[in-house]
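The structure under discussion appears below in the form of structure tokens.
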Amino acid sequence: MRLSKEQYGDPEKAANTIWGRQTILTPELEDQLVQYCLAMEAIYFGLTRGDLRRMAFQIPERNNLQHNFSRADDMAGKKWLKLFMTRHKTQTVFEKHNYPPDRIFNVDESGLTVVQSKVLKVVGMRGKRQIGNLASAERGSLITIVVCMSAAGNFVPPMVVFPRKNRKYAIGKRCSSRNNIPLSSVRMDPNGVIHTLV
Numbered sequence: 001m002r003l004s005k006e007q008y009g010d011p012e013k014a015a016n017t018i019w020g021r022q023t024i025l026t027p028e029l030e031d032q033l034v035q036y037c038l039a040m041e042a043i044y045f046g047l048t049r050g051d052l053r054r055m056a057f058q059i060p061e062r063n064n065l066q067h068n069f070s071r072a073d074d075m076a077g078k079k080w081l082k083l084f085m086t087r088h089k090t091q092t093v094f095e096k097h098n099y100p101p102d103r104i105f106n107v108d109e110s111g112l113t114v115v116q117s118k119v120l121k122v123v124g125m126r127g128k129r130q131i132g133n134l135a136s137a138e139r140g141s142l143i144t145i146v147v148c149m150s151a152a153g154n155f156v157p158p159m160v161v162f163p164r165k166n167r168k169y170a171i172g173k174r175c176s177s178r179n180n181i182p183l184s185s186v187r188m189d190p191n192g193v194i195h196t197l198v
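If you use the UniProt record's numbering, the sequence shown closes out at 198, no skipped numbers anywhere.
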């Protein structure tokens, strides 16, 4: 306390002083960098971590600011990036609008093939270029499953899209309900994929 009083003359002023290292980029430059990152992301040209580190190196180089970034790598360090990300935590859309969990939904579409899609590795003679392997001659048909669930745990029954033109009653009856509880919604499409008409 005595040292701070001698240096600053007032202990309260010493308590309000920001301790630690100063950032290489000024707060204004860092804010401009954040706004640029968000603008690029909005037009679908999001910056990678490497791009951000290169830009952070170029800013002090072009503005003749003193920095300790690596000139050999021509980019800022990983530690700088980590500290930059902790200094500039942007609000997510969920936090900004304060959506309740029952209003946040996640939809996932997965395609399943009926035929084996991955050829297994086999052991053979060393140096031989081609090894015979049995593979299915038929082309696999695609079955698409769409699942939707909210953050609160509510879910919409999954939709299964089969590669058919006409609906067969047996397929729909087994998948659609059990004891009047909807298990899934069954749709037919010639290709077995989701589109606006399904």
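Where is the CB? At the ideal position from N, CA and C, for every residue including glycine.
1) When we look at the beta-carbon of alanine 152 and count the other beta-carbons within 10 Å, is it buried (16 or more) or exposed?
2) Whose CA, out of Val107, Gly77 and His67, lies closest to the CA of threonine 22?
3) Look up asparagine 106 in the DSSP assignment and give the residues it is bridged to.
4) On the CB-based measure, 16 or more other CB atoms within 10 Å of its CB, does methionine 40 come out buried or exposed?
5) For phenylalanine 155, which three-state DSSP category applies?
6) I'd like the span of the beta strand (DSSP E) that includes arginine 187, first residue to last.
7) By the three-class DSSP mapping on this structure, what secondary structure does phenylalanine 84 have?
8) Are the beta-carbon atoms of serine 150 and proline 190 separated by less than 8 Å?
9) I need the straight-line Cα distance from serine 110 to valine 146, nearest angstrom please.
10) Based on Cα-Cα distance, which residue from Leu25, Val186, Phe155 and Pro158 lies nearest to arginine 53?
11) Within the same chain, show all residues whose beta-carbon is closer than 7 Å to that of arginine 49, passing over the 5 residues directly before and after it, in chain order.
12) Using beta-carbon positions only, say whether valine 161 and arginine 187 come within less than 8 Å of one another.
13) Do phenylalanine 57 and phenylalanine 69 have their CB atoms nearer than 8 Å?
Put simply:
1) On the sequence shown, position 152 is the one that residue 152 refers to. Burial call: exposed.
2) The count along the sequence shown starts at 1 and reaches residue 22 at position 22. Reading off the sequence, residue 22 comes out as glutamine, not threonine. Glutamine 22 has its Cα closest to that of His67, out of Val107, Gly77 and His67.
3) As a position in the sequence shown, residue 106 is number 106, starting the count at 1. Beta-bridge pairing links asparagine 106 to Met149.
4) Walking along the sequence shown from the start, residue 40 turns up at place 40. Methionine 40 should be labelled exposed.
5) Looking up residue 155 in the sequence shown gives position 155. Phenylalanine 155: strand per DSSP, three-state reduction.
6) The residue you call residue 187 lines up with position 187 of the sequence shown. 185-189 is the extent of the beta strand (DSSP E) around arginine 187.
7) Taking the sequence shown and counting its residues from 1, one reaches residue 84 at position 84. Here phenylalanine 84 sits in helix by DSSP.
8) Against the sequence shown, residue 150 aligns to sequence position 150. Against the sequence shown, residue 190 aligns to sequence position 190. Result no, Cβ atoms of serine 150 and proline 190 do not sit closer than 8 Å.
9) Numbered from 1 along the sequence shown, position 110 holds the residue referred to as residue 110. Numbered from 1 along the sequence shown, position 146 holds the residue referred to as residue 146. Distance between the alpha carbons of serine 110 and valine 146 is about 6 Å.
10) Residue 53 sits at position 53 when you count from the first residue of the sequence shown. For the residues Leu25, Val186, Phe155 and Pro158, the minimum Cα distance to arginine 53 belongs to Leu25.
11) Counting from 1 along the sequence shown, the entry for residue 49 is found at position 49. Taken in chain order, the residues that qualify are Leu81.
12) As a first step, residue 161 must be located in the sequence shown, where it is residue number 161. As a first step, residue 187 must be located in the sequence shown, where it is residue number 187. Against a cut-off of 8 Å, the Cβ pair of arginine 187 and valine 161 comes out as a contact.
13) Taking the sequence shown and counting its residues from 1, one reaches residue 57 at position 57. Taking the sequence shown and counting its residues from 1, one reaches residue 69 at position 69. A contact, by the Cβ cut-off of 8 Å.
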